[in-house]
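J.: As they're listed, the protein sequences go chains S and B. Anchor point for the first sequence: position 121 equals 120 in numbering that gives the first Met the number 0, and the numbering is continuous, going up by one each time. Anchor point for the second sequence: position 53 equals 52 in numbering that gives the first Met the number 0, and the numbering is continuous, going up by one each time.
Protein chains: 2
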Amino acid sequence: MSIDQLHTTLERLCNLLRVEAREHGAGNGLLPVQLEALHYLGECNRYSDSVQGVSEYLGQTKGTVSQTLKVLEKRGLVKKLPDSNDRRIVHLQTTAAGRKTLDKVVPALFLIEALKSTSEAKIGQLTEDLKEVLRAAQQARGAKSFGACITCRFNESVEGAFQCGLTGEKLTPKDTVKICREHLFPDVDCKVS
Amino acid sequence: MSIDQLHTTLERLCNLLRVEAREHGAGNGLLPVQLEALHYLGECNRYSDSVQGVSEYLGQTKGTVSQTLKVLEKRGLVKKLPDSNDRRIVHLQTTAAGRKTLDKVVPALFLIEALKSTSEAKIGQLTEDLKEVLRAAQQARGAKSFGACITCRFNESVEGAFQCGLTGEKLTPKDTVKICREHLFPDVDCKVS
DNA sequence: CTTATATGTTTCGTGTCGAAACTATATTGA
DNA sequence: TCAATATAGTTTCGACACGAAACATATAAG
Numbered sequence: 000m001s002i003d004q005l006h007t008t009l010e011r012l013c014n015l016l017r018v019e020a021r022e023h024g025a026g027n028g029l030l031p032v033q034l035e036a037l038h039y040l041g042e043c044n045r046y047s048d049s050v051q052g053v054s055e056y057l058g059q060t061k062g063t064v065s066q067t068l069k070v071l072e073k074r075g076l077v078k079k080l081p082d083s084n085d086r087r088i089v090h091l092q093t094t095a096a097g098r099k100t101l102d103k104v105v106p107a108l109f110l111i112e113a114l115k116s117t118s119e120a121k122i123g124q125l126t127e128d129l130k131e132v133l134r135a136a137q138q139a140r141g142a143k144s145f146g147a148c149i150t151c152r153f154n155e156s157v158e159g160a161f162q163c164g165l166t167g168e169k170l171t172p173k174d175t176v177k178i179c180r181e182h183l184f185p186d187v188d189c190k191v192s
Numbered sequence: 000m001s002i003d004q005l006h007t008t009l010e011r012l013c014n015l016l017r018v019e020a021r022e023h024g025a026g027n028g029l030l031p032v033q034l035e036a037l038h039y040l041g042e043c044n045r046y047s048d049s050v051q052g053v054s055e056y057l058g059q060t061k062g063t064v065s066q067t068l069k070v071l072e073k074r075g076l077v078k079k080l081p082d083s084n085d086r087r088i089v090h091l092q093t094t095a096a097g098r099k100t101l102d103k104v105v106p107a108l109f110l111i112e113a114l115k116s117t118s119e120a121k122i123g124q125l126t127e128d129l130k131e132v133l134r135a136a137q138q139a140r141g142a143k144s145f146g147a148c149i150t151c152r153f154n155e156s157v158e159g160a161f162q163c164g165l166t167g168e169k170l171t172p173k174d175t176v177k178i179c180r181e182h183l184f185p186d187v188d189c190k191v192s
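(1) Comparing the C-beta of S/Q4 with each C-beta of chain B, is any distance below 7 angstroms?
(2) What would DSSP say about S/S156, mapped onto helix, strand or coil?
(3) At a Cβ threshold of 7 angstroms, is S/S118 touching chain B?
(4) What residues of chain B sit near S/S1, judged by a beta carbon separation below 7 angstroms?
(5) Can you look up B/F109 in the DSSP assignment and give me helix, strand or coil?
(6) Within the 7 angstroms Cβ cut-off, does B/I111 reach chain S?
(7) Grab me the residues of S/G24's own chain with a C-beta within less than 8 angstroms of its C-beta, minus the 5 sequence neighbours each way, in chain order.
(8) Can you tell me which residues form a DSSP beta bridge with B/K79?
(9) Alpha carbon to alpha carbon, what distance is there between B/E181 and B/C189?
(10) Hey, out of S/L71, S/S1, S/E22, S/D82, whose CA is closest to S/G41's CA?
(11) Excluding sequence positions up to five away, which residues of its chain have a Cβ less than 8 angstroms from the Cβ of B/L114?
(12) Measuring only the C-alpha atoms, how far is B/D174 from S/T7?
(13) What span of residues does the alpha helix (DSSP H) with S/I2 cover, start to end?
(14) According to DSSP, is S/A142 part of a helix, a strand, or is it coil?
(15) Check S/C163 in the structure and name its three-state DSSP category.
(16) Sort B/N84, B/A95, B/L37, B/T150 by Cα distance to B/P185 and report the nearest one.
(17) Using beta carbons (cut-off 7 angstroms, strictly below), is B/R11 in contact with chain S?
(18) Since S/L193 meets chain B, which of its residues come closer than 7 angstroms, beta carbon to beta carbon?
(19) Pick out whichever of S/A95, S/A36, S/E168 has its Cα sitting closest to the Cα of S/T60.
(20) Does the beta carbon of B/L80 sit closer than 7 angstroms to a beta carbon anywhere in chain S?
(21) If you measure beta-carbon to beta-carbon, which residues of the stretch 60 to 72 of chain B are closer than 8 angstroms to chain S?
(22) Under a CB-based cut-off of 7 angstroms, is S/P185 close to chain B?
(23) Mapping DSSP to helix, strand and coil, what is S/K169?
(24) Identify the contact partners of B/K130 in chain S, using a Cβ-Cβ distance below 7 angstroms as the criterion.
(25) Name the two residues that bound the continuous alpha helix (DSSP H) containing B/Q51.
(26) Do B/V53 and B/V64 have their C-beta atoms closer together than 7 angstroms?
(27) In the DSSP assignment, what are the bridge partners of B/I178?
(28) Measuring alpha carbon to alpha carbon, tell me which residue in S/L170, S/N27, S/P106 is nearest S/G159.
(29) Could you work out which residue in S/S118, S/Q137, S/S47, S/L16 is closest to B/R140 when comparing CA atoms only?
(30) What is the DSSP secondary structure of B/S65, counted as helix, strand or coil?
(31) Which of the three DSSP states is assigned to B/P185 in this structure?
(32) Go through its chain and collect everything with a Cβ distance to S/K99's Cβ below 6 angstroms, but skip five positions before and after it.
(33) If the cut is a Cβ gap below 7 angstroms, which residues of chain B does S/E35 touch?
(34) What did DSSP end up calling B/R86 once you bin it into helix, strand or coil?
(35) Mind listing the chain S neighbours of B/V176? Cutoff is C-beta to C-beta under 8 angstroms, in chain order.
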């Protein structure tokens with residue numbers, strides 16, 4: 000069956016990503032899962048940069064994630080900031096060192112090399128197709144979509160400015176391309192708590 | 000950059016595969032990496048079903064793989080057979096129970112669900128595109144290609160029958176679709192030792 | 001005000017993973 | 001021919017991811 004081959008190919012690409020992350024991370028004293036957490040923190044917005052957010056994204060327990068983040072903090076790659084409204088919440092921001100590490104690791108060298116002679120259009124098309132699969136996959140698993148605000152049903156555009164309909168806060172253009180744990184696509188059944 | 004998004008999307012799909020493998024494996028008392036090894040053994044040919052083969056495929060050391068396979072054997076999912084010519088080599092064959100376990104796990108349920116309303120043609124196109132990326136990625140990493148004999152430069156077709164030019168052995172039609180650790184694409188520089 | 005819920009941490013047991021030492025068999029080459 | 005070398009695989013050990021569960025604290029609900 001065709002899906003079988005798709006699964007196998009994806010699984011194999013996964014493996015290469017992990018092996019490269021392991022090799023590359025070893026140079027920085029980091030493990031694959033720690034790089035993934037750092038990657039997430041580098042792309043998520045201020046509603047999502049918490050232990051809980053990372054936990055949901057990686058599909059691991061809070062306890063496990065807590066330890067992962069402790070390592071990242073000790074390495075000086077992320078910085079903990081208390082939330083101003085809710086004192087239970089801790090925000091995790093990537094530091095300059097963290098972003099520098101990320102730049103070295105993503106996108107993976109082998110991907111750049113592999114796509115060297117592939118047209119920009121082709122890469123774009125493949126990316127869009129994969130994103131569509133991911134969107135459907137996350138829905139199928141009941142997982143959150145972790146999309147950018149710009150594609151979110153809660154995003155409201157008023158007089159050229161953006162605003163989150165869930166929190167009521169204003170969003171800068173930069174904000175709207177970051178990923179959010181409350182993200183919902185417009186066409187998906189509403190599941191807000 | 001576009002490759003950046005491709006990397007992120009792939010990494011996220013990876014995660015879903017692993018999380019699902021963890022959940023599903025837990026039911027069978029197996030871990031993601033053990034399922035991957037079983038998956039490989041279910042699809043590779045008789046030149047590749049060894050500890051060394053799994054080690055190359057998963058990018059892990061022989062020692063680690065040796066332990067992984069010990070678990071699979073203890074669970075009755077694979078069976079060890081000595082090689083008839085070289086007594087150093089152990090062949091690992093999936094048992095009926097192993098194949099039954101595989102059928103439940105691959106393709107992943109969420110992939111089937113996610114692609115339910117996608118056309119066969121679209122899935123096929125995406126699979127081919129990903130395979131092409133994988134091929135280039137493996138070459139970029141200097142990793143083996145693990146392709147099917149039918150696409151291998153060593154495969155020789157004589158009077159409708161197939162034969163491996165490397166070992167000189169005859170290949171049945173079933174053999175030619177299994178993946179091989181000696182596989183090389185026709186257009187790649189020769190690196191046979 | 002009491003109970004329930006949510007965020008995050010710590011502890012502990014299981015088990016992956018790589019490194020390295022080891023056994024056994026096969027190959028090479030002088 | 002036989003010693004040196006290479007290859008397949010196992011075992012041992014230490015580091016550490018990971019989940020489960022107990023815990024601390026803060027907010028929400030009734």
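The C-beta atom is built at its ideal place from N, Cα and C for all residues, glycine as well.
T.: Let me lay it out:
(1) Residue 4 of chain S sits at position 5 when you count from the first residue of the first sequence. Taking Cβ atoms only, chain B reaches closer than 7 angstroms to S/Q4, which makes this a yes.
(2) As a working note, residue 156 of chain S is residue 157 in the first sequence. Strand.
(3) Reading the first sequence from its first residue, position 119 is the one you call residue 118 of chain S. No, because no Cβ of chain B sits closer than 7 angstroms to the Cβ of S/S118.
(4) By 1-based counting over the first sequence, the position of residue 1 of chain S is 2. Going along chain B in sequence order, the residues near S/S1 (Cβ under 7 angstroms) are E119, I122, G123, T126.
(5) If you number the second sequence from 1, residue 109 of chain B lands on position 110. Correct three-state label for B/F109: helix.
(6) Here residue 111 of chain B is taken as the residue at index 112 of the second sequence, counted from 1. True, the Cβ-Cβ gap to chain S drops below 7 angstroms.
(7) Here the question's residue 24 of chain S lines up with position 25 in the first sequence. Here the set comprises L30, P31, Q33, L34, V104.
(8) In the second sequence, residue 79 of chain B corresponds to position 80, counting from 1. Looking at the DSSP assignment, B/K79 forms a beta bridge with B/L91.
(9) If you number the second sequence from 1, residue 189 of chain B lands on position 190. If you number the second sequence from 1, residue 181 of chain B lands on position 182. Legend: pLDDT at B/C189 = 39, less than 50; position of this residue unreliable, no value from coordinates given.
(10) Residue 41 of chain S sits at position 42 when you count from the first residue of the first sequence. Residue S/L71 is the option with its Cα nearest to S/G41.
(11) Here the question's residue 114 of chain B lines up with position 115 in the second sequence. Closer than 8 angstroms at the Cβ level, and outside the excluded window around B/L114, lie I122.
(12) Position 175 of the second sequence, counting from 1, holds the residue named residue 174 of chain B. Position 8 of the first sequence, counting from 1, holds the residue named residue 7 of chain S. Cα-Cα distance, rounded: 18 angstroms.
(13) Within the first sequence, residue 2 of chain S is the residue found at index 3, counting from 1. It spans 1 to 27 - the alpha helix (DSSP H) in which S/I2 sits, taken as one unbroken run.
(14) Taking the first sequence and counting its residues from 1, the one referred to as residue 142 of chain S is at position 143. S/A142: coil per DSSP, three-state reduction.
(15) As a first step, residue 163 of chain S is located in the first sequence; it is residue number 164 there, counting from the start. Three-state DSSP puts S/C163 in a strand.
(16) Position 186 of the second sequence holds residue 185 of chain B. Among B/N84, B/A95, B/L37, B/T150, the Cα nearest to that of B/P185 belongs to B/T150.
(17) In the second sequence, counting from the first residue as 1, residue 11 of chain B sits at position 12. Yes, because at least one Cβ of chain S sits closer than 7 angstroms to the Cβ of B/R11.
(18) Any property of residue 193 of chain S remains undetermined from this structure, which presents chain S solely from 0 to 192.
(19) By one-based count along the first sequence, residue 60 of chain S stands at place 61. Out of S/A95, S/A36, S/E168, S/A36 has the C-alpha closest to the C-alpha of S/T60.
(20) The residue labelled residue 80 of chain B in the question sits at position 81 within the second sequence. No, B/L80 lies away from the interface with chain S (no Cβ there is under 7 angstroms from its Cβ).
(21) none
(22) Translated into the one-based positions of the first sequence, residue 185 of chain S becomes position 186. So, not an interface residue.
(23) As a position in the first sequence, residue 169 of chain S is number 170, starting the count at 1. In the structure shown, S/K169 sits in a strand (DSSP, three-state: E or B).
(24) Indexing the second sequence from 1 puts residue 130 of chain B at position 131. Those are T8, listed as they occur along chain S.
(25) Residue numbering aside, residue 51 of chain B sits at position 52 when the second sequence is read from its first letter. Where B/Q51 is concerned, the enclosing alpha helix (DSSP H) stretches over 50 to 57.
(26) Here residue 53 of chain B refers to the residue found at position 54 when the second sequence is read from its first residue. Here residue 64 of chain B refers to the residue found at position 65 when the second sequence is read from its first residue. Result yes, Cβ atoms of B/V53 and B/V64 sit closer than 7 angstroms.
(27) For the purposes of this step, residue 178 of chain B is taken as the residue at position 179 of the second sequence. B/I178 pairs with B/C43, B/A147.
(28) Residue numbering aside, residue 159 of chain S sits at position 160 when the first sequence is read from its first letter. Measuring from the Cα of S/G159, the nearest candidate turns out to be S/L170.
(29) Mapped onto the second sequence, residue 140 of chain B falls at position 141. Among S/S118, S/Q137, S/S47, S/L16, the Cα nearest to that of B/R140 is on S/L16.
(30) Taking the first residue of the second sequence as 1, we reach residue 65 of chain B at position 66. Of the three classes helix, strand and coil, the one that applies to B/S65 here is helix, per DSSP.
(31) Locating residue 185 of chain B in the second sequence gives position 186, counting from the first residue. In the structure shown, B/P185 sits in coil (DSSP, three-state: anything other than H, G, I, E or B).
(32) Here residue 99 of chain S refers to the residue found at position 100 of the first sequence. Excluding sequence neighbours, S/K99 sits near nothing in its chain.
(33) Here residue 35 of chain S refers to the residue found at position 36 of the first sequence. Within chain B, the residues near S/E35 are E10.
(34) Here residue 86 of chain B refers to the residue found at position 87 when the second sequence is read from its first residue. Three-state result, B/R86: coil.
(35) Along the second sequence, read from residue 1 onward, the residue named residue 176 of chain B stands at position 177. The premise fails here: B/V176 is roughly 11 angstroms from chain S at the closest Cβ pair, so nothing lies under 8 angstroms.
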